[in-house]
Amino acid sequence: MNTPLHHHIKPGLVHFMAFPEVIKGHGEVKESLQRVLADEYFEVVEITWIKNPAMREEVREMLITSGVEVKYGAQPRLLTQGLDLNSEDEAHRQRAIDDIRDAIDDAVGMGIRDIGILSGKYPGEAQKAKAMDRLQESLYDLCAYASLEIANIVLEVFDQIIDKKCLIGTAADAREIAERICRRYNNFGLLVDLSHIPLLNESPAQALRPVQEYICHIHIGNCYMKNLDDPAYGDQHPRFGYPGGANDVPEIVGFLKELFHIGYLKKDGSVRMPVSFEIKPVGEEDPYLVIANAKRKLNEAWALLEV
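When we follow the working numbering, the leftmost residue of the sequence shown carries the number 70, and every step to the right adds one.
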């Protein structure tokens, strides 16, 4: 591209993935977040729950001072607590709904309006229709609750059979649930992640085009599927260039091309949309080097991109 990346994209970082020690709501958030917020490369940051009220308030002040766009990832709340928004156990499904209601309250209290979630477990084709109906009811509830706070529910598309094994899922299923919810609510959208596309055995075009009108956020990252014994196997978001990984510069280029094709990214730069790195250190890797790697890879891909 002949124009700078920042003319078209708001680059972002999923903080809780780059620093997974905070994923359960504990851990030292401030030091790592401060370094991310001080990096002018990033215009968007995604944080998750912070159980300590005093620390949550300190982080809120940091976010305000930095001037970045902030999003709230509630996915860790669901995953680490084993909660399922399409569970056939009604009490369990209600616990998941209640927890995301709490997440909405937390997010809005910090001035954040976009709350990311994921669907529950994929039960197999025979039970999928009923699970879709239960997910629909959960999303109706959450969109109604979020609308009272002028907040948005953003459903992330995950793998269906390899790691997280989520109901949503394939592009076809993502489109179906988005169509259902958006007939009733206008505060719902989808998040598509480059990391999950190989896990779903889809191409960027297959993953993006069917849901293009519902996409409100994008993640880019890598995945690894070659050896079950490798610590990066599945949906672990290893760095770009990880040996045997599915995504590197060529795949980023292809994904960016498709984002321009569907209109998520604008050639004239009239609207800039968020594209966030979701990357995670493997083993003893330094998270700041993993972040630097991601920035270099995106810069390299941008230099090669032609649209």
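Yeah, the Cβ is synthetic: ideal placement off N, Cα and C, and Gly gets one too.
The beta strand (DSSP E) enclosing residue i, as first and last residue numbers
i      : result
Cys212 : Where Cys212 is concerned, there is no enclosing beta strand (DSSP E), although the alpha helix (DSSP H) it sits in stretches over Glu194 to Leu217.
Lys140 : Glu138 to Gly142
Ile284 : Ile284 to Ile289
Lys190 : Counting along the chain, Lys190 falls outside any beta strand (DSSP E), and DSSP gives it neither H nor E.
Gly81  : Ile78 to Val83
Val344 : Met342 to Phe346
Val113 : Val113 to Ile116
Test item: CB-CB of residue i and residue j under 9 Å
i      : j      : result
Glu138 : Glu112 : yes
Ser188 : Ile237 : yes
Phe309 : Leu82  : no
Leu147 : Asp168 : yes
Gly290 : Asn316 : yes
Ile219 : Leu260 : no
Ile119 : Gly136 : no
Asn221 : Asp262 : no
Ala240 : Gln275 : yes
Gln305 : Lys349 : yes
Gly258 : Val223 : yes
Spatial neighbours of residue i in its chain, beta-carbon cut-off 7 Å, leaving aside the 5 residues before and after
i     : result
Phe88 : Ser101 and Pro356
Thr72 : Gly338
Residue i: first and last residue of the uninterrupted alpha helix (DSSP H) it sits in
i      : result
His262 : Position check: residue 262 holds Asp in this sequence, whereas His was assumed. Run containing Asp262: none in the alpha helix (DSSP H); it sits in the beta strand (DSSP E), Phe257 to Asp262.
Ile133 : Pro122 to Ser135
Ile237 : Where Ile237 is concerned, there is no enclosing alpha helix (DSSP H), given that its DSSP letter is neither H nor E.
Glu327 : Val318 to His330
Pro356 : Pro356 to Leu373
Ile166 : Glu159 to Gly178
Per DSSP, the bridge partner or partners of residue i
i      : result
Cys292 : Cys292 pairs with nothing; no bridge assigned.
Ile184 : Tyr141 and Ile222
Tyr254 : Per DSSP, none; premise fails for Tyr254.
Gly36  : With the chain represented from 70 up to 376, any question about residue 36 goes unanswered, as that position is not in the structure.
Gly314 : Tyr293
Neighbourhood of residue i by C-beta, 8 Å cutoff - its chain only, sequence neighbours within 5 removed
i      : result
Met131 : Lys99, Leu102, Gln103 and Leu106
Ala247 : Leu224, Phe257, Gly258, Leu259, Val280 and Tyr283
Nonlocal neighbours in the same chain, by C-beta distance under 6 Å from residue i, ignoring five residues either side
i      : result
Leu211 : Ile169 and Ile222
heavy atom of the ligand NAP below 8 Å from residue i C-beta
i      : result
Arg341 : This structure lacks the ligand NAP, and indeed carries no ligand of any kind.
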